Each structure stands twice: as C-alpha cells, then as structure tokens.
Amino acid sequence: MPHDVMQAEADVLVIGSGAAGMYAAIEAARRGADVFLIDRSLIGRGGATVMAQMTVAVALGSQVPDHWSHHLDDTLAAGRGLCSEKLARLLCHDGPECIMEMDAWGIGWARQNGHIAQAMAPGHDRPRCVYVDFLNTGPAVSKTLRTAVNKTAGIRKAGDLCVVDLARHDGAVAGAVALHLGSGAPVLISAKATIVATGGLTRLYRRNSASGNMGGDGYALALRAGAPLVDMEFVQFFPIGHLAPRLVGMDPIMWDPFRYKLGGRLLNSEGEEFAHRYGTPEDGKYVLTRDVATFAILQEVEAGRGSPHGGVYLSFQHCGEDALRAAFGPVIDRLAANKIDLTKMPVEVAPIAHYHMGGVQADDRMTTEIPGLFVAGEAVGGANGANRLSGNAITEALVFGRRAGASAAAQAQRTQAQPLAREDAGEALDLVAADGPRRDLNTADMVQALQATMADDVGPLRSEAKLTRALATIETLARDLGERPPGDGKAFDPVRLDWLDLRNMLLVARVVAEGALRRRESRGAHQREDFSGMLDAWEVNQVVRRRGSDLAWSARNGATVAVP
Amino acid sequence: MNHIARLRIWRGLDRQAGRWETFEVPFEPGQSVLDGVRWLRVHRDPTLAIRFSCINANACKECMIELDGRTVYACTARLEPREMTLAPLSNKQLVRDLVTEIAPPSERFG
Chain A
1 MPHDVMQAEA DVLVIGSGAA GMYAAIEAAR RGADVFLIDR SLIGRGGATV
51 MAQMTVAVAL GSQVPDHWSH HLDDTLAAGR GLCSEKLARL LCHDGPECIM
101 EMDAWGIGWA RQNGHIAQAM APGHDRPRCV YVDFLNTGPA VSKTLRTAVN
151 KTAGIRKAGD LCVVDLARHD GAVAGAVALH LGSGAPVLIS AKATIVATGG
201 LTRLYRRNSA SGNMGGDGYA LALRAGAPLV DMEFVQFFPI GHLAPRLVGM
251 DPIMWDPFRY KLGGRLLNSE GEEFAHRYGT PEDGKYVLTR DVATFAILQE
301 VEAGRGSPHG GVYLSFQHCG EDALRAAFGP VIDRLAANKI DLTKMPVEVA
351 PIAHYHMGGV QADDRMTTEI PGLFVAGEAV GGANGANRLS GNAITEALVF
401 GRRAGASAAA QAQRTQAQPL AREDAGEALD LVAADGPRRD LNTADMVQAL
451 QATMADDVGP LRSEAKLTRA LATIETLARD LGERPPGDGK AFDPVRLDWL
501 DLRNMLLVAR VVAEGALRRR ESRGAHQRED FSGMLDAWEV NQVVRRRGSD
551 LAWSARNGAT VAVP
Chain B
1001 MNHIARLRIW RGLDRQAGRW ETFEVPFEPG QSVLDGVRWL RVHRDPTLAI
1051 RFSCINANAC KECMIELDGR TVYACTARLE PREMTLAPLS NKQLVRDLVT
1101 EIAPPSERFG
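Just so you know, the sequences run in chain order A and B.
Position 10, counted from 1, in the first sequence is what the working numbering calls 10; the numbers after and before it change by one each time, with no gaps.
Here the working numbering = 1-based position in the second sequence + 1000.
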C-alpha cells in the first residue's frame, strides 16, 4: 500500500544541518524568512562539521599581526592556480566576522594570555588557525550553532528527511522531494528559495574521514536539476589518516592536531624521515601541504618502504610524556584505552578521503545558474581550486552559509509563494513510493564495491588505465542498480536508502572519474602517473552539466580545454 | 588471527511482532560492535537497519543501542568472542530493527 504524499512549505528550505546549513538557516531567519532546516540524519549531528578536529583558518591577527589579504594569498597559492578568486576572497574577507560571532555565541575558542590562540598550519605564512581544545573544534561548532538555531525565531527543523530530488517549476527550483525515514513516506516541500548544504562526497571512498552520509547527494541533486558543477576531479586526501592499530571512539584525522602542537616525525619502514625526497624537508616540524604529503606517502609505500598495513609511521616517541600530556591531556587516556602509548610506539597512518574541492558552481552570493537554487559550504565548488589549505573548510562553511542565507532570504522576499503540485516532482515521488516487486539486490555490497573502485582507481594517484577501469565498473554497477528501488518502503528501510544513495553516488563517481580522465596533467590533489607536472594549458576549471544521460564538459571563463 | 562473535540481534518493525536472529561475525581484536553490524549488512543481510553517521569517532552520538541490556554506543563497544545480544533502546519508540526515534520532539517531521 503506497504512502500518501505529505506536504510542507517554507520561504527558505535548507538541506543539510552542518555548519553551512545551520548558519544559513540563522541568517535567513533573522532577515525575516520562514525557514525549514532539514537533514537526512539528526539535526547538527551528521555530516562533516562535527568531525572537525582542530583548525579553523582566519586572519584575526589576535597574536601576531595579520590581514585577510595574506590569508587570501596563501589560499590562492595552495589552490595551484585554480581557485575562484571571488569565492576565495569572500572566504578570507568575511572569515573574521563569522569567527567572532561564533565567539560571541560562546564557542570557547582556545585562548592564550587573554587572546584567541592561533596555531601554525602547513601552507599558511603565519599562525592563523583558531581551535577548541581538546580535538573538540567540530563538536563545539555544531553545538554552538545548534543552540543559536534554537534561539532564532522562525526556524523549523526536521531530521530523518532524505532529499531525493529538487523540484522545479517554470525552470526554477521551487523545493524538493524527500523520503521521510521515520515512516517511509514521500514529502513534497515547497520553498521560494532552496539552499543545498549537503557537504562533500567522501563516502565514495573506502577509507574516509567524514560521516557515512556524505555520498555527494548535493552534487547529484544540483546536476539533475540542471546546475553545472566545477572542479569535480579534485578530491582532497588527508595524508595522515589513522591506519593501525584499530582505534575506536576517535576520529581518524586526529593526528593533525598532534602534529600542529608537537611536530612529530613521519617515518618509512626503514625508520627514515622521507619528506625531503619530495622537495620539503620537515626536520620534525609540520610543513608539508596535503597534496605533497599524500603523494610522498604513497610513493614510499610503492617503493616498498611502507608500514605493515600499507602506510607509513608517525612517531611522537621523542616528545616525552610530559609534553604529550600538556598538549592533549585527556586524549592521552583515550589512546591508552586503545592500548596506544605514544612514548613507546609509533602509529601507522595513510591517506584517507577527506574533503572535496569541487562542487556546485556559484557566484559570491551563493546563487547558481538555476533560479531559486543556492548552495553553501563544501557543496560549493571553486574556492579552493586544486588543493584546499588546512583550516579553510569550517571557515568556508560559516561564511558561505551566512551569505547563502542572506541571498535566499532576499530571493524569498521577491517571490510569490507557489505550492508545488505533484506533477512538478512526479519522478521523484514515484521513486520514493515505489511498490514494485522485491528484488534480490545487495545494496550494501554494491556501496562497498564502489568504494573499493574509487579508492583503488580514482584515488590520489591516477592513470588512464585505472580511470577507464573505474568508469567501466561504475557503469556496470549503475546497470545492476536499475531504474526502480527495491525494499519494502516502510520505516527506515536500509535497502531503499542505499538504493537512493547509490543513484547519487554512481552519478557523482562517474563525474569525478571522467573529469580526472580528461585532465591530462598533475595538479594539486589530482596526480596522474601517466602525465606528471602542471601544464599551462590546463590552468582551467572544468565545468560539467548533465545532458540527458550524458555529461557535457566545458571550461569556465570561455578558456579552451586542450584535450590532446 | 580472527575471532568469532555471535551477535543475537532483535529484528522487526513492531515490538509485538519482532524476532531474534543470530549471526556469526569474524573480527580482529579492537573492532567495534558497529563494525560487526556493518560487516553483516555487506556479507549476510543488507536489510538489517541501524542508525549511525560518523562511523568511528563517537561524535554524532546516533548509534545508541542496548548491548546485553545496557545502553551503549555501538561505535565504541567492542566485539568479543562470545554471544552478544543487540536490541533497540527499550525506552524509545521503535522504528525498525536497532533503530529508534531519538530526535528531540521539536526536530521530528510530521
């Protein structure tokens, strides 16, 4: 028995309740909009924000003089020539205001001698990263924004709403169709403005540092609604993700703060530091940018100098117990519960999918090519070019979220309410309510197969052979997936949810792999084993649109993409 | 060396009409109960439902279940080489299998 379609209406619909979505909701509401903030998980719990361990880059100049233009210079340099300067400028310029508003909301940025503390991170020209001790930046950002959302009049919230498609009316995005996980029913949400703040695509990879619900939903939603994506070939791998021994209750990117505070030594199986072989000697300090470090670690493993589980060693044995405890206090006890004593042993680390530079193409008001559709946070492409600077992700989430909220509220003021009709969203409603014959499809296994292909063949080191193989696997999986979802369609049906996720993940995986295959050079996070080095001809952003079942590629700003 | 945990798991959409199913899960020491449930979904039964987001970090706090009658986070409870009983939270409204309604009332739809 199919469910009835439930309905909801708002001025501004915000999809995703990480930092970007929550800040967007607050800004839109305080500008008078009636806001509906939804999340496929619980409000403010899933996504990537809550996982942030430490750094938030911002030119506060609280300890040493700084100016946003210096932050911008570092951001552009890290992006290897591909940043959208407009977006990067917005991030750096508005960062201090958002960080200070978070401070006023009581986030508790770490302080030294009464000044907000700013740590040095790789790629920055001076100490610039604020944080909340210990390893608590993400949870503190989430909690602070949750509280601010609750105090702001005009925001309704609902978790367990997984958006299946954006709904269009007369060429504009006018809301969305969601699956209500609590009941299995379809929900038609009408909105004058819709903000996609769904984060990135790290779930496409076997080992990743974000929540299990970051499968690139927003990119697929935008693409199917007609919006172009940009820079989709650039996936950031976090170089020193925890690999072994098994560590539970802690985030795999936790070694980043350890390196900020204590330096630490990155060693191969022969006990040697190796960073100097790749152009940047470390001497116990933490200076390697993420793209270079990832490349260096994978090359050491390839050369047979890796650790037993296929990474390298990270050692703090030289630091001494007092220094470790002074820097990380209770975290040292949590490590002990996992049988890890850093004074006696190194840990094994390896690159892990962490962040997506690419995303929905937007201008600096967070508007897209499609009227009514706005984006915020990691879902936005372009600010970080080919490689994101440490600490820019949370700043981007806050700044872009606030801007998107302002733009969406302005749009809502100019727009007449027009409730969506079922015909505006027929296909998506049909998918959610599908009551077809049960099929024997192991969707969990298919997700794992896709993650293996992406990790092995569309990881940091790429080649034509690997990418071609990956595209063939993706095509096979898409064929196996079929056009109609299996499952019983009742409450929290994991098979139906996997199917809807795979529908997005396979589309986005194809976009990443095709973009990587086309870019015949190595730049930032995109390293081709068959085309080393950056080429001037490739100092362009690739833009992709959906044309029927095909993808149409072009270059931004009218530049020619020199595909040989 | 692999160990085996026997996971006895409550299944169903209705407290009055549920059933217990038992699965064997191979594991390496240190792996979590959530690791075990995720392994089962891939290798034995993709229809098994559990709520989680962050997988490993104990940041999202969504994976609360009852393990041998005690409330735990599935991501920090560890697999052990014995029979372990997994049930949905008994003081929350059941949704399916190990999933319960844990959102505050003001953050639910409908």
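Each residue gets a CB set at the ideal place from its N, CA and C atoms; glycine is no exception.
The model shown is predicted, which means the values in this text are computed figures rather than measured ones.
Taking a Cβ-Cβ threshold of 8 angstroms, none of the residues of chain B is close to ILE340 of chain A; the smallest such distance is about 10 angstroms. Residues of the same chain with a CB within less than 8 angstroms of the CB of GLY95 of chain A, apart from the 5 flanking positions on each side, are ALA57, VAL58, ALA59, TRP68, HIS71, THR395, LEU398 and VAL399 in chain order.
Residue B:GLY1030 holds the alpha-carbon nearest to the alpha-carbon of GLY249 of chain A among B:GLY1030, B:ARG1008 and B:GLY1018.
Distance from the Cα of MET22 of chain A is smallest, within the candidate group A:ASP4, A:LEU87, A:GLN7 and A:ARG45, for A:ARG45. Relative to the Cα of VAL177 of chain A, the nearest Cα in the group A:PRO371, A:ASN384 and A:ALA428 belongs to A:ALA428. Apart from sequence neighbours up to five positions away, the residues of its chain that approach LEU267 of chain A with a beta-carbon distance below 7 angstroms are GLU273, VAL312, TYR313, SER315 and PRO346, ordered along the chain. Beta bridge pairing from DSSP links MET1084 of chain B with B:LEU1007. Between the alpha carbons of LEU1094 of chain B and GLU1080 of chain B lies a distance of about 26 angstroms. Listed in chain order, the positions of the stretch 84–111 of chain A with a beta carbon within less than 8 angstroms of a beta carbon of chain B would be empty, since no residue qualifies.
The three-state secondary structure of GLN451 of chain A, taken from DSSP, is helix.
Distance from ILE1050 of chain B to ALA1087 of chain B at the Cβ level is roughly 12 angstroms; contact not present, criterion being Cβ atoms closer than 8 angstroms.
One thing to note: ALA412 of chain A has its Cβ within 7 angstroms of the Cβ of ALA33 of chain A. Secondary structure note for THR194 of chain A: its beta strand (DSSP E) is the uninterrupted segment 185–196. VAL248 of chain A sits in coil when the DSSP states are folded into three classes, being neither helix nor strand.
Per DSSP, the continuous beta strand (DSSP E) segment holding TRP1020 of chain B begins and ends at 1019–1027. Its chain contains PHE374 and SER407 as the residues whose beta carbon lies nearer than 7 angstroms to that of THR367 of chain A, once the 5 sequence neighbours on both sides are disregarded; these appear in chain order.
Interface residue (Cβ-Cβ distance to chain A less than 7 angstroms): PHE1023 of chain B is not classified as such. Only buried fits ILE352 of chain A, as 16 or more other CB atoms lie within 10 angstroms of its CB.
Here SER62 of chain A really is in contact with ILE116 of chain A; their C-beta atoms are around 4 angstroms apart, less than 8 angstroms. DSSP places TYR23 of chain A within a helical segment (H, G or I) once states are collapsed to three. With a contact defined as Cβ atoms closer than 8 angstroms, ASN504 of chain A and GLY216 of chain A qualify at about 6 angstroms.
For GLN1016 of chain B, no CB of chain A lies under 7 angstroms from its own CB, so it is not counted at the interface with that chain. A distance below 6 angstroms between beta-carbons, with the five flanking residues on each side excluded, links LEU243 of chain A to the following residues of its chain, in chain order: HIS309, GLY311, GLU348, VAL349 and ALA350. LYS1092 of chain B does not reach chain A, its nearest Cβ partner there being about 12 angstroms away, counting only Cβ pairs nearer than 8 angstroms. When B:PHE1052, B:ASP1068, B:ARG1070 and B:THR1085 are compared, the shortest CA-CA separation from ILE1102 of chain B is found for B:PHE1052.
The beta-carbon distance between ILE189 of chain A and ALA8 of chain A, rounded to whole angstroms, is 5 angstroms. This is short enough to meet the 8 angstroms contact definition. Taking 7 angstroms as the threshold, the shortest C-beta distance from LYS490 of chain A to chain B falls below it.
Taking a Cβ-Cβ threshold of 8 angstroms, the residues of chain B close to ILE43 of chain A are ALA1103 and GLU1107, in chain order. For CYS162 of chain A, the beta-bridge partners assigned by DSSP are A:LEU179. Sorting A:ILE15, A:ALA19, A:ALA29 and A:ARG520 by C-alpha distance to the C-alpha of ALA410 of chain A places A:ALA29 at the top. The C-beta distance from ALA185 of chain A to MET6 of chain A rounds to 6 angstroms, short enough to meet the 8 angstroms contact threshold. Using a CB distance cut-off of 7 angstroms, THR443 of chain A counts as an interface residue toward chain B. From the listed residues A:ALA78, A:HIS356, A:THR468 and A:LEU179, the smallest Cα separation to VAL230 of chain A is found for A:HIS356. The alpha-carbon of SER17 of chain A is positioned some 38 angstroms away from that of GLN299 of chain A.
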